[in-house]
Every structure is written in structure tokens, then in C-alpha cells.
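Participant:
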Amino acid sequence: MSTVNLLIIIGAVVLLLALLIIALAKQYRKVGPSEVLIVSGGRMRKVTDPDGTVRKIGYRMNIGGGTFVKPFIEQVQILPLEVYTLTIKTPEVITSQGVNIVAEATAQIKISSEEYMIRRAAEQFLKSGANGIKEVSSNVLEGYIRAIIGAMTVEDIYKNRDQFAEKVIQNSKKDFDRMGLDILSFALKDISDTQGYLASLGQPRIAQVKKDAAIAQAETDKEATIKAAQARKDGDIAKLIAEGEIARANRDFESHRAQYQADINQKRALSDLSYELEKNRIAQKIKKEESLIKLIEKEQAIKIEEMEITRKEKELESSVKKTADASKYRLITEAEAESFRIAAEAKAKTEAKKQDGFAEAELIKARGEAEAEAMQKKAESWKDYNEAMIYKMVIDALPELAKAVSEPLSKVDKIVMVGGDGASGVSKLTEQVAQVLAQLPTVVESLSGVDLKKLLQNMPGSKKDEPEEK
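Per my numbering, residue 1 is the first one in the sequence shown, and the count goes up by one each step.
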């Protein structure tokens, strides 16, 4: 087998499979929730009706779904479950009173959702469809409407429409159950007649109503007139009373106004008087405050003047003090400079004398030895002196010693006394000289070993030798 033939065979097989799949897909039939899929053909099925009857049927149902339909064996039909609205108008129907009337009504019906009811509807209306359902249902309802109208009066039908509709539904229910249908609602829209019975039916009532209305209107007018007169009377009385009240109110008002005016005038006079008094009091207070302010200003001026005097005094004192301090500082500086100069000259002289002293040391030493020898001899000779002679020699030497102490002061050109105790320069100098002389006993004792105080105390006739008074 050639490749071409093989490809042809494969293509044919694929094509056949595709066609088969398409055909099978078309055999899967679906319906919406408001439809019933009736699949007839195939094997027979047993079903049980509500009365217990078991029977065989050659179809199956699928409500709102899909199913596979066997090709060449089964066929499919669709039964709608939607609601149908029926408008029913009867010809002239004679009531129980012999009155010819025409009735108009509306009804809503549909195939029941129960499975056995669907089977009944399918068996009766599958071929005729919705039109068959509407036609049969309208005829059935019209028959029951005519039957019920014949058993009722016009007044009952007109007044009790709900009762009329309930009778129609109850009487036709069995017939609709046998057809697999449900009556969802029924309403009597209107009734009419050609002889004017319905129009004349309301005339007595209309006349009575008109009569009652006229009587009521007359009564109303009468009551209105009476009430209007009474109202006018009451109004006049009320007006007179009101005018009297107004007159009394005006009188009271004028009286009160006069009293108020008198009170106002009195209070105004008192207010004016109080105002003048307060004005004078405030004026006096202002004058007093002005006098006080002037006094305070004068006191402040005096204080300011005193402060100015104090300031000038302090300023003068400060300037004088500054001048004195400057002079004092200048004198202290000059004294320190002079002291430094004197100390420098003394140091120079000391150095010079020191150099000379080394030269004269030997001479002094020799002289000292000689003087020592002489002093030894004097000492040996003093042993023969009495105390009176020794006292005389010491006292005779004191003036020379004081002179020697004071002699350096005579060589000073200028003495600057620095001190803050308020003493004059001369007294200060004398005091310092006296202090130097007071130190002579100590100097003499340190040089010679002679205690002048004890020496003077041991002199004959001193206070120490006097006997104590008893």
C-alpha cells in the first residue's frame, strides 16, 4: 500500500470520527429551568399515578437540564412551564334574577411542577403547545363563570367579587388537575348589561344619598346660621367687654403713666441733685488729688534736689578723694623711691667700708687687744671705784649714746611720714625718736651686759629701797 493511499485512509477515518463526534454532540439536548425535555422512544417505563394506578409510558422527562438522545431511536420535544395570562369575556349570561349581564375576567395558569402533572400536560398539550393550553383553559373557565353567574344575583356578584372568584377556582380545580394545570390567580374585572340594570341599581341609593345630603345640608345651614348669629352675639358681647376692658386699661395706663411720670420727674430731680452733689464731690476730690499731686511733685522735686546735692557732694568728695589718693600714691611712690635710693647708697657705702674694713681689721684687732688690755687694767682699777662712781659714769655716757643714736637723723635732708592714723608729722617723728631712746637700755644691756633698769633701781634713794607703808 502506497503512502498516498495510507494518508487517504487516515484522513477518511479522522473525518468519520469528527462527523461522529459532531453527530453525538448534537444528540445532547438541553433546556432551561422553565422547560421540560420530553424524550420519546426507546424502552417502556412504569409510572405510578397519585391514585395508585401503575401504567407504562414510552417517554422520559428531564426538567430544566440536559440529556443524551439516542440517534434514530429517540426523539425530543419541549414542553414550556411558563405562566400564561388569559383574558376571558363571556357573552350575555342570565343571572338568577333573569338579568342579562356580561362578565370580564383575567386568570394566570401554568403547567404544574409535579412530575405526574407534567406527564398529564405532556400527554394532552405536547402537540398543541401553548395555544392549545390557552384555548382549553379559557373555555373551561368561561363555562364555570357562566354557571356561577346563573346561580347568583347581580347584587351578589357586584358586591362579592372575591367570593365569585373563589367559587370559579374551586369549581374548575378538578378539571385543571386532570389537565396537569394550576390556576395561579383569577379576578373578575367587570360586569355590564345592556338594559341599564346596573345603572338603575344605584338610583334609589343615589336619590337617598342626595336626599340625605340635602337634609344634611339644610341642617348644616341651619346650624351654621344659628352658630353665626350666636357667634355674632358673642362677638358683640366680647367686643363690648373688650372695649370696656380697653377703656379700663387705658384709664389704668394713663394713671400709671402719670404716676410713672411723677416718679420719673422726682427721680430725675433727685438724679440731677445727686449729679450736682457728685459733681461737686468729684471736683473737690480732683482738687484734693491735684493738691496732693502738687505736694508730691514738690516733695519729689525736693528729693531730686537733695539727691542732686548728694550726688554733687559725692562727686566733689570723689574728686577730692581721688586727688588725695593720687597725692598719697605719689608721696608713697616718692618715699619708696627715696628709700630704695638710700638703701642702695648704704649698700654701696657698706661694700666700700667692707673693703676698708678688711684692711683695718688687723689694726682694729691690734687696737682691740690694746684696748682689752687697757680695759682689763681699767677693770682692775674699777674694783677700787664705789657704786656711786659707776652710776655717774653710766649716766654721763647716756647723753653721748643718745646723741649717737639720733645723729643719723640730722643727716637726712627730708623725712616723709606715711601713715593713716591722723597724727601730725612732727608728733609722729618725736614719737618715733622717743621709741628709739626707749630701746637704749636694751641696747646697752646687749653691748655691755649692764642692766640700766636694775642699776637705777638699786641706786640709793630709789623707790625700791623705801619701806612699804602699812
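Even for Gly, the Cβ is constructed at its ideal location relative to N, Cα and C.
1) When the Cα atoms are used, what is the spatial distance from K210 to I111?
2) Between which two residues does the alpha helix (DSSP H) harbouring I157 extend?
3) Is it buried or exposed, T95, if we count other Cβ atoms within 10 angstroms and call 16 or more buried?
4) Quick check on DSSP: helix, strand or coil for G41?
5) Rounding to the nearest angstrom, what Cα-Cα distance links E289 and L270 in this structure?
6) Determine the DSSP secondary structure at Q195, reduced to helix, strand or coil.
7) Which of helix, strand or coil does DSSP assign to V99?
8) For a test of the three-state rule: what should DSSP assign to L81, helix, strand or coil?
9) Which two residues bound the contiguous beta strand (DSSP E) that contains V140?
10) Using only the alpha-carbon positions, how far apart do E219 and T225 sit?
11) Looking at the structure shown, is K189 part of a helix, part of a strand, or coil, going by DSSP?
12) So, helix, strand or coil for D263, using DSSP?
13) Is it buried or exposed, R119, if we count other Cβ atoms within 10 angstroms and call 16 or more buried?
14) Would E104 pass as a contact of K89 if the rule is Cβ separation under 8 angstroms?
15) Do you know whose CA, among A343, I109, R45 and Y158, lies nearest V102's CA?
16) Is it true that the CB of A122 sits closer than 8 angstroms to the CB of I38?
17) Could you work out which residue in Q77, K70 and T53 is closest to I63 when comparing CA atoms only?
18) Do L79 and V13 have their C-beta atoms closer together than 8 angstroms?
19) Since I believe V154 is in contact with Q97 (beta carbons under 8 angstroms), could you give me their beta-carbon distance rounded to a whole number of angstroms?
20) Let me know if M471 comes out buried or exposed under the rule of 16 or more other beta-carbons within 10 Å of its beta-carbon.
Facilitator: In brief:
1) Taking the Cα positions, K210 is about 52 angstroms away from I111.
2) I157 -> alpha helix (DSSP H) spans V154 to K159.
3) Answer is buried; the Cβ neighbour count reaches 16.
4) G41 falls in the strand class under three-state DSSP.
5) Rounded to the nearest angstrom, the two C-alpha atoms are 27 angstroms apart.
6) Residue state for Q195 is assigned as coil, using DSSP reduced to three classes.
7) Here V99 sits in coil by DSSP.
8) Reduced to three states, the DSSP call for L81 is coil.
9) No beta strand (DSSP E) holds V140; the alpha helix (DSSP H) holding it covers G129 to G150.
10) So the alpha carbons of these two residues sit roughly 10 angstroms apart.
11) DSSP, reduced to helix, strand and coil, places K189 within a strand of the structure shown.
12) Here D263 sits in helix by DSSP.
13) Counting Cβ neighbours within 10 Å, R119 comes out buried, since at least 16 surround it.
14) With respect to K89, E104 sits close: the two C-beta atoms are nearer than 8 angstroms.
15) Closest by alpha carbon: Y158.
16) Yes; because the gap between Cβ atoms is below 8 angstroms, this pair is in contact.
17) Comparing Cα positions, the closest option is Q77.
18) Not in contact: L79 and V13 (Cβ atoms no closer than 8 angstroms).
19) That belief holds up - the Cβ atoms of Q97 and V154 are roughly 6 angstroms apart, short of 8 angstroms.
20) Since the first and last residues shown for the chain are 1 and 470, residue 471 lies out of range.
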